[in-house]
Amino acid sequence: RSLRTKHLVQLLHKAKRRILLTGTPALARPEELYTQINSIAPRTFGSYTQYCERYCQGHYNYRLKQFDVSGASNLDELHTRLTKDIMIRRMKANVLTQLPAKQRQKISFDLPAASMKLV
Numbered sequence: 349r350s351l352r353t354k355h356l357v358q359l360l361h362k363a364k365r366r367i368l369l370t371g372t373p374a375l376a377r378p379e380e381l382y383t384q385i386n387s388i389a390p391r392t393f394g395s396y397t398q399y400c401e402r403y404c405q406g407h408y409n410y411r412l413k414q415f416d417v418s419g420a421s422n423l424d425e426l427h428t429r430l431t432k433d434i435m436i437r438r439m440k441a442n443v444l445t446q447l448p449a450k451q452r453q454k455i456s457f458d459l460p461a462a463s464m465k466l467v
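Numbering (our numbering), first residue to last: 349 to 467.
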């Protein structure tokens, strides 16, 4: 919900083509995927509330007085929809021969004394 994310999503919605890359598989809660999904395919999964009700066991918690999206539901359906329409997953072992060799280098720099206090 950061300002950076809000601006990025607006920019992505104006783009003709969208690609998001990550080296980390999303293994946590379905709620964490909504911003990425909505950036790639706006309105495909409905509103945030509709998505959360369907895939996050979204419901209003009257005791806490807030919408609870900490659960997970219909995960097989979500996985099917993601792999069919949105997500491409490539395993390192399958693409390793197509990657260039690793290049390692050391880069030295001077860190001002004032910045050292922050480190």
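Where is the CB? At the ideal position from N, CA and C, for every residue including glycine.
Let me check one thing: in DSSP terms, what residues is residue i bridge-paired to?
i	result
His-427	Answer is none; His-427 lacks a bridge partner.
Going by the beta-carbon positions, is the gap between residue i and residue j smaller than 8 Å?
i	j	result
Ser-387	Cys-404	no
Gln-384	Leu-368	yes
Ala-374	Leu-381	yes
Thr-392	Asp-433	yes
Hey, out of the options, whose CA is closest to residue i's CA?
i	options	result
Ile-429	Ala-461, Leu-447, Arg-402, Gln-453	Note that residue 429 corresponds to Arg in the displayed sequence, not to Ile. That would be Arg-402, whose Cα lies nearest to the Cα of Arg-429.
Gly-371	Val-417, Arg-437, Pro-460	Arg-437
Thr-394	Arg-452, Leu-447, Gln-451, Leu-426	The sequence given here has Gly at residue 394, not Thr. Taking only the C-alpha atoms, the option nearest Gly-394 is Leu-426.
Would residue i be called buried (16 or more neighbouring beta carbons within 10 Å of its own) or exposed?
i	result
Tyr-410	exposed
Pro-460	exposed
Phe-457	exposed
Tyr-408	exposed
Pro-378	buried
Val-443	exposed
* Ignoring anything shorter than 4 residues or poking outside the stretch 395 to 421, list the alpha helix (DSSP H) runs there in chain order. => 396 to 403
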